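Going by the numbering used here, the sequence shown opens with residue 441, and the numbers climb by one from there.
No residue lacks a Cβ here, since even glycine has one placed at the ideal position from N, Cα and C.
In this text the structure is predicted, and so the values were computed from the model without any measurement.
Following: one structure in structure tokens, then a few remarks.
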Amino acid sequence: MTLQSRSNNFDFVRLLAAGVVLCGHQFAVFLRPEPSPFGLITLGTLGVLIFFSISGYLVAQSWDRDPHVLRFAAKRFLRIWPGLAIVTCVAVFIAGPAVTAWSLRAYFSSSMTWDYLSQFYLNIKYVLPGVFEHNPVSVVNGSLWTIPIEVRWYGILLVAGILGLLRKKLRVALLLGVALYAIYIYGIFDVQHNPRAAFLRPDFGCEYGSYFCYGVLMNGFREEWHRHRLLLFGLLSVLAVALVALRHGYAAIYVLLPFLVIWFGTSSTPVLRGFGRYGDFSYGIYIYAFLIQQFLISLMGINHPYWMALLASTVCTVGCAVLSWHFVEAPAMALKRHFGRGDAEQVGVANTHVLRASLPPGAD
């Protein structure tokens with residue numbers, strides 16, 4: 441199997457990442473301590489880091505296949521915006537009116553309600569008037585904040601592509617640039633210990649771009665690292681152990697996690713490689729889970745076991761994700777065929793499930 445084969449594990453990895461975020465947020469919406477893999481990051485953060493890693497790899501691969509500015513931008517728009525627009529409308533016009541503590545007249549008269557629609561242009565909002573105000577957490581949808589960061593890195597990748605920085609002959613420069621950025625984030629800025637990296641501070645989330653860049657770099661050197669993957673894994677493991685010894689565990693995660701995720705994603709494992717047969721539901725799971733978890737709490741309260749709440753929210757979220765895929769995301773991505781040359785023409789529009797990227801996941 442070549443590295444270009446569509447018969448890989450990425451569909452499973454995206455679903456796994458979305459599921460990890462869902463499980464982590466189930467703790468968060470109950471204001472319960474969230475499990476912390478490696479003692480440094482939450483489950484939700486782990487899922488997001490996985491998404492950014494594979495996004496960098498797959499979106500860079502999409503640019504390699506079709507380095508056209510308008511088509512690239514259109515693909516990103518069609519993957520991200522329709523789903524975001526619909527989940528925003530669901531929150532404002534369905535979930536909000538159903539559970540708000542305000543009268544419907546007051547709810548729809550409030551500027552907060554209409555300001556929430558500014559998410560259409562990536563201005564993420566967190567509250568609606570009277571909505572979930574009696575929940576342990578009043579945030580309407582705590583997952584969407586990553587989308588502007590993701591789109592920002594799409595733009596940076598596009599600029600790099602326009603400038604020719606993604607060409608094969610400049611791969612060494614790409615390697616140097618990504619390495620310097622990582623040194624700044626994890627060494628000079630020291631995101632693990634710097635208070636400016638705390639949630640809602642100006643520099644929050646700066647490390648997510650480093651995972652995206654790692655994925656871009658692995659795409660640029662995909663033949664080389666795949667040929668020497670065991671040796672490279674050994675070297676990266678030694679570096680990670682050294683970083684842990686120096687009390688830079690977050691940097692150690694950065695060194696190993698994207699490599700392992702993309703290595704596993706590009707592999708072809710029986711059963712796992714068929715997870716995308718009926719569609720890519722990972723984006724829908726990601727953008728609907730938090731809203732549904734909050735909605736269920738507003739109806740059922742919090743006096744029931746975590747696993748019962750998780751089961752209920754998972755069933756409802758997957759249902760919404762399936763609907764989102766079949767009625768919003770797949771039809772939107774099918775529009776790619778109108779842009780001429782590109783991935784749709786390479787594999788056939790009928791196979792819409794192989795045209796997808798994710799969200800954060802995202803390739804095509």
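| query | result |
| --- | --- |
| Exposure of isoleucine 747, with buried meaning 16 or more beta-carbon neighbours within 10 Å | The residue you asked about is not isoleucine; residue 747 is tryptophan in the sequence shown. Classification of tryptophan 747: exposed, given that the 10 Å Cβ count is below 16. |
| Ranges of the alpha helix (DSSP H) found wholly within the region 740-778, counting only runs of at least 4 | 746-764, 770-773 |
| Closest by C-alpha distance to proline 522, when choosing among Leu598, Phe779, Glu769, Leu775 | Glu769 |
| Cut-off 6 angstroms between Cβ atoms - residues of its own chain near arginine 516, not counting five sequence neighbours on either side | Tyr594 |
| Identity of the residue in Ala535, Asp555, Ile737, Gly716 nearest valine 762 by Cα | Gly716 |
| Distance between alanine 772 and serine 798 (C-alpha atoms, nearest Å) | With a pLDDT of only 36 at serine 798, under the threshold of 50, the placement of this residue in the model should not be trusted, and no figure is reported. |
| Supposed close pair tryptophan 503, phenylalanine 491 - CB separation, criterion 8 angstroms | Between phenylalanine 491 and tryptophan 503 the Cβ distance is about 18 angstroms, and since that is not below 8 angstroms, they are no contact. |
| Straight-line gap, leucine 489 to leucine 700 (C-alpha atoms, nearest Å) | 12 angstroms |
| Glycine 496 and tyrosine 690 closer than 8 angstroms at C-beta | no |
| Aspartate 555 at chain E interface by Cβ criterion, 8 angstroms | In the displayed structure, chain E is absent; only one protein chain is listed. |
| Valine 469 to cysteine 760 span [Cα, whole Å] | 19 angstroms |
| For tyrosine 566, three-class secondary structure by DSSP | coil |
| Segment contact flag, the region 561-573 with the region 749-760, C-beta cutoff 8 angstroms, min 3 pairs | no |
| For aspartate 506, the three-state DSSP class (helix, strand or coil) | coil |
| Distance between arginine 667 and phenylalanine 673 (C-alpha atoms, nearest Å) | 12 angstroms |
| Any non-hydrogen atom of the ligand SAH closer than 7 angstroms to proline 477 Cβ | Inclusion of the ligand SAH in the displayed structure is not the case, the ligand content being empty and no account of it being possible. |
| Validate contact between the region 602-614 and the region 583-591 using beta carbons, cut 8 angstroms, 3 pairs | no |
| Nearest-angstrom Cα separation, counted from phenylalanine 779 out to alanine 455 | The amino acid occupying residue 455 in the given sequence is leucine; alanine does not appear at that position. Between leucine 455 and phenylalanine 779, the C-alpha separation is close to 28 angstroms. |
| For valine 695, the nearest candidate out of Gln466, Phe735, Ser677 (CA to CA) | Ser677 |
| Where the alpha helix (DSSP H) containing proline 537 begins and where it ends | 536-539 |
| Arginine 607, DSSP secondary structure in three states | coil |
| Coil, strand or helix - aspartate 783 by DSSP | Residue placement at aspartate 783 cannot be trusted, given a pLDDT of 47 that sits under 50; the coordinates are not used to answer. |
| Closest by C-alpha distance to alanine 525, when choosing among Ala546, Thr540, Arg662, Tyr556 | Tyr556 |
| Selection from Thr709, Leu670, Ala692 that minimises the alpha carbon distance to aspartate 630 | Ala692 |
| C-beta contact flag for glycine 487 and alanine 457 at 8 angstroms | yes |
| Local Cβ density within 10 Å of histidine 465, reported as buried at 16 or more and exposed below that | buried |
| Which listed residue (Leu584, Leu480, Leu518) has its alpha carbon closest to that of tyrosine 726 | Leu584 |
| First and last residue of the uninterrupted alpha helix (DSSP H) at asparagine 581 | Per DSSP, asparagine 581 belongs to no alpha helix (DSSP H) and is neither H nor E. |
| Sequence-distant residues of the same chain with beta carbon closer than 8 angstroms to arginine 472, five excluded per side | Tyr746 |
| Rounded C-alpha distance that separates threonine 540 from methionine 740 | 15 angstroms |
| Own chain residues within Cβ distance below 6 angstroms of glutamate 647, not counting five before or after | Ile625, Val631 |
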